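Colleague:
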Amino acid sequence: MLEVKDLRVWFPARTSFWQSLKGVSRYVKAVDGVSFTIKRGEVLALVGESGSGKTTTGKAILRLIEPTSGEVWFEGVNVLSLNKKELKEFRRKAQIIFQDPFESLDPRMTIYDIVAEPLKVNKVYGSADEEYDAVAKALEDVRLVPPEDFMTRFPHELSGGQRQRVAIARALILRPKFIVADEPVSMLDASIRTQILELMEDLRKEYGLTYLFITHDLAQARYTSDRIAVMYLGRIMEIGPTEEVVSNPLHPYTKVLISHVPIPDPKLAKSRKKIDVPGETPSPIDLPPGCRFYPRCPFAREVCKEEPQLIEVEPGRWVSCHLVRS
Amino acid sequence: MLLKVRDLRVYYDTVAGVVKAVDGVSLSVERGEIVGLAGESGSGKTTMARAIMRLLPSNARIVSGEIVLDGVDVLSLSESELKDFRWKKVSMVFQGAMNALNPVLRVGEQIAEVLVEKAGYDKRRAWSRVEELFKLVGIDPSRTRDYPHEFSGGMRQRAVIAMAIALNPDLVIADEPVTALDVVVQSKILDLLKRLRDELGISVLLITHDLSVIAEACDRTAIMYAGRIVEYGSTEEVFEEPLHPYTRALISAFPSITGERRSFEPIKGDPPNMLNLPPGCAFHPRCPKAFDKCSKEVPELKEVKGRLVACHLWG
């Protein structure tokens, strides 16, 4: 359904006056050669720490940020070559849900107007009755019932969980096929988090949706996705079926990361072994050549100074590491 | 017993009404243990911390209760006595403190300042203590003269912890100390807290919404809901066999990277409105096991199977 090929998003970094005189330009390579596919009806989790480029990737796919280069194929068309009118058409099929339901909803608009806005912008319905019915159905879909009770209210009158439901209703009202969900539950309390994740799963089944689920939380990715792609400093380190990646990570970075994920079970937490790793994720400016993880990797060798490619080492398992070969 | 909180009630007067943020909480912390105080937003955990520090905002009232730390009656301390109490007896790592370091002062200087102002260190002794503290929390002592922006997020959090332990307090209250940090950094900061407990015999009251952080670091755990503690016991026992339905549901809401992939048991409904709490047990409208009594009587925190539980299911 979706194929991303060698996507790059580079932002110009601030350079000093002296550097600019010398013609030096520096870039933050937020996304630097990312490729993956998502099958229809699948949930792909894009997992990474802060600065890994996961959110930039999600936004670039929908062209909410203009990519520097690459291709994004959606149902046979390259999204990056669409003109303005075609882009509008594309956005009816591909939507995004943001992390913060407190910021993503206009506080001055009623819930009705927020949910109906995409219909108005796209002039979907001719009559007010049709629009009303669609909004009512969208609110029912996200279990804000009875919908009349919510339509005239404002975002501040709702709880965090209810607000995220409104955001989902708005994203779904144009009946899209593909959703980028960018940390959709990170700002919510644990008890509400599970409700929203369950709702997203129900809606996926009901409407045959495909999700790109962006999260920093590997444990959450384990519970919500079919496959996991792990990003580090703008590149994908590993892609594979969720349970396989989680129980048998192949890339050293994935191994390190998984060994440090906190476990909500004191006995298991005590008995597991953490893999020691020096330092913290560096800034994505002026990255050294070679593997991004090379300077911190406990298994690094001379060959790692060359950039590894993401290759399939076992059926369905893609790894970008010189030391992991089929 | 290092810290003993008995029947504490802290209410806020707001334009919309009275918020009973902490409503009858009893809690104890032993020397050299890490106690987790877990709960969702609005459960009262941060108010607890501020009450122990005597740092409540002006619209807060301590309605009743007692806080005793190492034999000192905290609630009766005068302003001048508080100066000897904070930092030396108890200190606090605030949520987001790593981003609140003064950007134009060297990191070491900010810690030295605490030593000079609160404990009368002279400059030279203060700087050598700063170096010692850097070593203790795992930062290269050659970096005491760096500015905050030269530190990574994890190093800034280590520096904030160094500041908190500068004057050898008995208790450090850490409010969401690893929230917003990356996974590997998070795990290293939790290891640091455990090491400080082991090496210095320090006690930590660790406040968090994240039960996996609790499971990683805490010896004992108290679960709060709507201003009250619903369960308090050894972390292993609480996770092994949660007795309160809320504890049980909350634990099941946290996915795990290892072990069996359980299905979530979602907690229905929303957290209660603190201005208008349901009668009886505040959790009863969301509780799968609620019966008559739960909507009528507030359950007392009672001893069940060697721990404390506030639930009518347990008599």
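Residue numbers (this note's numbering), protein chains in the order written: chain A, 111 to 436; chain B, 1325 to 1639.
All C-beta atoms, glycine included, are put in the ideal place defined by N, C-alpha and C.
Predicted model, so just to flag it, every value in this text is computed and none were measured.
(1) Straight-line CA distance for B/Lys-1474 to B/Pro-1427?
(2) So what does DSSP say about B/Val-1502, is it helix, strand or coil?
(3) Which bits of chain B does A/Asp-299 rub up against, with CB to CB less than 8 Å?
(4) For the putative contact between B/Met-1530 and B/Ile-1358, defined by C-beta atoms under 8 Å, what is the C-beta separation to the nearest angstrom?
(5) DSSP three-state label for A/Asn-358, please.
(6) Where do the N-terminal and C-terminal ends of the alpha helix (DSSP H) with A/Gly-426 fall, by residue?
(7) By the criterion of Cβ-Cβ separation under 7 Å, what are the contact partners of A/Asp-375 in chain B?
(8) My output table needs one value for B/Gly-1583: the three-state DSSP class, helix, strand or coil.
(9) On the CB-based measure, 16 or more other CB atoms within 10 Å of its CB, does B/Asp-1397 come out buried or exposed?
(10) Short check: CB of B/Asp-1470 to CB of B/Gly-1389, under 9 Å?
(11) Nearest by alpha-carbon distance to A/Gly-350: which of A/Asp-142, A/Thr-147, A/Val-187 is it?
(12) List, in chain order, every chain A residue whose beta-carbon is nearer than 8 Å to that of B/Ile-1575.
(13) Spatial neighbours of B/Val-1334 within its chain, please: CB distance less than 6 Å, with the 5 preceding and 5 following residues excluded, ordered by chain position.
(14) B/Lys-1592 CB to nearest chain A CB: under 9 Å?
(15) Taking 6 Å as the limit between beta carbons, can you name the residues of its chain near A/Phe-184, skipping five residues before and five after?
(16) Counting only the same chain and skipping the five closest in sequence on each side, list residues whose C-beta sits under 6 Å from that of A/Gln-205.
(17) Quick one: does B/Gln-1510 have its CB under 9 Å from some CB of chain A?
(18) Within its chain, find whatever has a CB closer than 6 Å to the CB of A/Glu-422; leave out the 5 residues flanking it on each side and keep chain order.
(19) My guess is that B/Pro-1566 and B/Glu-1584 are in contact by the Cβ rule of under 8 Å, so how many angstroms apart are they, rounded?
(20) Is the CB-CB distance between B/Gly-1360 and B/Cys-1542 below 9 Å?
(21) Can you give me the start and stop residues for the beta strand (DSSP E) that B/Tyr-1471 sits inside?
(22) Could you tell me if B/Asp-1506 is buried or exposed, where buried requires 16 or more neighbouring beta carbons within 10 angstroms of its beta carbon?
(23) Any idea what DSSP makes of B/Cys-1485, helix, strand or coil?
(24) Under the three-state reduction of DSSP, which class applies to B/Leu-1326: helix, strand or coil?
(25) Which residue from B/Trp-1638, B/Gly-1630, B/His-1636, B/Pro-1623 puts its Cα closest to that of B/Val-1349?
(26) Determine the closest residue to A/Leu-215 out of A/Ser-269, A/Tyr-404, A/Ser-301, A/Lys-149, with distance taken between C-alpha atoms.
(27) Please check if any C-beta of chain B sits within less than 9 Å of the C-beta of A/Arg-337.
(28) Distance, Cα to Cα, B/Arg-1482 vs A/Pro-372?
(29) Per DSSP, which one or two residues make a beta bridge with B/Lys-1641?
(30) Flag this pair as touching only if the region 115-132 of chain A and the region 365-380 of chain A have three or more C-beta atom pairs under 8 Å; answer yes or no.
(31) Which residues in chain A sit within 9 Å of B/Thr-1571, going by Cβ to Cβ distance?
(32) Just reading off the beta strand (DSSP E) that B/Gly-1341 is part of, what are its end residues?
(33) Within 8 Å, do at least three Cβ pairs link the region 1568-1588 of chain B to the region 1605-1620 of chain B?
(34) When the distance is taken between beta carbons, is B/Leu-1326 closer than 9 Å to B/Leu-1495?
(35) Using the rule of at least 16 other Cβ atoms within 10 Å of the residue's Cβ for burial, across every protein chain shown, is A/Arg-253 buried or exposed?
(36) At a CB-CB cut-off below 7 Å, which residues of chain B make contact with A/Leu-86?
Modeller: On the basis of the data shown:
(1) Taking the first residue of the second sequence as 1, we reach residue 1474 of chain B at position 150. Taking the first residue of the second sequence as 1, we reach residue 1427 of chain B at position 103. A small correction: the amino acid at residue 1474 of chain B is Glu; Lys does not occupy that position in the sequence shown. Taking the straight line from one Cα to the other gives about 10 Å.
(2) Sequence index remark: in the second sequence, residue 1502 of chain B carries index 178 (1-based). DSSP places B/Val-1502 in the coil class of the three-state scheme, outside both helix and strand.
(3) Locating residue 299 of chain A in the first sequence gives position 189, where the first residue counts as 1. Going along chain B in sequence order, the residues near A/Asp-299 (Cβ under 8 Å) are Glu-1364, Ser-1365, His-1533, Pro-1595.
(4) As a working mapping, residue 1530 of chain B is identified with position 206 in the second sequence. As a working mapping, residue 1358 of chain B is identified with position 34 in the second sequence. According to the sequence as given, residue 1530 of chain B is Leu; it is not Met. The pair is a contact, with the Cβ atoms about 6 Å apart (cut-off 8 Å).
(5) As a first step, residue 358 of chain A must be located in the first sequence, where it is residue number 248. Coil, per DSSP.
(6) Residue 426 of chain A sits at position 316 when you count from the first residue of the first sequence. That residue, A/Gly-426, is in no alpha helix (DSSP H); it is neither H nor E in DSSP.
(7) Taking the first sequence and counting its residues from 1, the one referred to as residue 375 of chain A is at position 265. Per Cβ cutoff of 7 Å: Ala-1539, Phe-1563, Ser-1580, Gly-1583.
(8) For this step, residue 1583 of chain B is matched to residue 259 along the second sequence. Three-state DSSP puts B/Gly-1583 in coil, outside helix and strand.
(9) In the second sequence, counting from the first residue as 1, residue 1397 of chain B sits at position 73. Its Cβ having fewer than 16 others within 10 Å, B/Asp-1397 is exposed.
(10) Here residue 1470 of chain B is taken as the residue at index 146 of the second sequence, counted from 1. Here residue 1389 of chain B is taken as the residue at index 65 of the second sequence, counted from 1. Their beta carbons are not under 9 Å apart, which means B/Asp-1470 does not touch B/Gly-1389 by this criterion.
(11) Residue mapping note: residue 350 of chain A aligns to position 240 of the first sequence, counting from 1. Among A/Asp-142, A/Thr-147, A/Val-187, the Cα nearest to that of A/Gly-350 belongs to A/Thr-147.
(12) As a first step, residue 1575 of chain B must be located in the second sequence, where it is residue number 251. Those within 8 Å of B/Ile-1575 in chain A are Pro-374.
(13) Within the second sequence, residue 1334 of chain B is the residue found at index 10, counting from 1. Correct list, in chain order: Ala-1345, Val-1346, Thr-1371, Ala-1375, Ala-1384, Ile-1386.
(14) Counting from one through the second sequence, the residue named residue 1592 of chain B turns up at place 268. Residue-level contact by beta carbon holds for B/Lys-1592 and chain A, with a gap shorter than 9 Å.
(15) As a position in the first sequence, residue 184 of chain A is number 74, starting the count at 1. Within the same chain, A/Phe-184 has close Cβ partners Leu-112.
(16) Position 95 of the first sequence, counted from the first residue, corresponds to residue 205 of chain A. Result list for A/Gln-205: Ala-281, Pro-286, Ile-289, in chain order.
(17) The sequence position of residue 1510 of chain B within the second sequence is 186, counting from 1. Yes, B/Gln-1510 counts as interfacial toward chain A.
(18) The count along the first sequence starts at 1 and reaches residue 422 of chain A at position 312. Spatial neighbours of A/Glu-422 in its own chain (CB-CB distance under 6 Å, excluding positions within 5 residues in sequence) are listed in chain order as Trp-428.
(19) Here residue 1566 of chain B refers to the residue found at position 242 of the second sequence. Here residue 1584 of chain B refers to the residue found at position 260 of the second sequence. Actually they do not touch by this definition, with Cβ atoms about 17 Å apart.
(20) For the purposes of this step, residue 1360 of chain B is taken as residue 36 along the second sequence, with counting starting at 1. For the purposes of this step, residue 1542 of chain B is taken as residue 218 along the second sequence, with counting starting at 1. In this structure, B/Cys-1542 lies closer than 9 Å to B/Gly-1360 by Cβ.
(21) The residue given as residue 1471 of chain B occupies position 147 in the second sequence. From DSSP, B/Tyr-1471 is part of no beta strand (DSSP E); its letter is neither H nor E.
(22) Residue 1506 of chain B sits at position 182 when you count from the first residue of the second sequence. It is buried - the Cβ of B/Asp-1506 has at least 16 other Cβ atoms within 10 Å.
(23) Here the question's residue 1485 of chain B lines up with position 161 in the second sequence. The sequence shown places Ile at residue 1485 of chain B, rather than the Cys named in the question. B/Ile-1485 falls in the helix class under three-state DSSP.
(24) Taking the first residue of the second sequence as 1, we reach residue 1326 of chain B at position 2. When DSSP states are grouped into helix, strand and coil, B/Leu-1326 belongs to the coil group.
(25) In the second sequence, counting from the first residue as 1, residue 1349 of chain B sits at position 25. The option with the nearest alpha carbon to B/Val-1349 is B/Pro-1623.
(26) Counting from 1 along the first sequence, the entry for residue 215 of chain A is found at position 105. Comparing alpha-carbon positions, the option among A/Ser-269, A/Tyr-404, A/Ser-301, A/Lys-149 lying closest to A/Leu-215 turns out to be A/Ser-269.
(27) For the purposes of this step, residue 337 of chain A is taken as the residue at position 227 of the first sequence. It does not: the Cβ of A/Arg-337 has no partner Cβ on chain B nearer than 9 Å.
(28) As a working note, residue 1482 of chain B is residue 158 in the second sequence. As a working note, residue 372 of chain A is residue 262 in the first sequence. Rounded to the nearest angstrom, the gap between the Cα atoms of B/Arg-1482 and A/Pro-372 is 19 Å.
(29) Because chain B spans 1325 through 1639 in this model, residue 1641 of chain B falls outside it and cannot be assessed.
(30) Flag = no, the region 115-132 of chain A and the region 365-380 of chain A do not touch.
(31) Indexing the second sequence from 1 puts residue 1571 of chain B at position 247. Result: empty, since nearest Cβ-Cβ is about 12 Å, beyond 9 Å.
(32) What you label residue 1341 of chain B is simply residue 17 of the second sequence in a count that begins at 1. DSSP places B/Gly-1341 inside the beta strand (DSSP E), whose first and last residues are 1341-1353.
(33) Verdict: yes, contact present.
(34) Residue 1495 of chain B sits at position 171 when you count from the first residue of the second sequence. Residue 1326 of chain B sits at position 2 when you count from the first residue of the second sequence. Yes, the pair counts as a contact, with Cβ atoms nearer than the cut-off.
(35) Here the question's residue 253 of chain A lines up with position 143 in the first sequence. Exposed, since its Cβ has fewer than 16 Cβ neighbours within 10 Å.
(36) In the structure as shown, chain A starts at 111 and stops at 436, and residue 86 of chain A therefore has no counterpart that could be examined.
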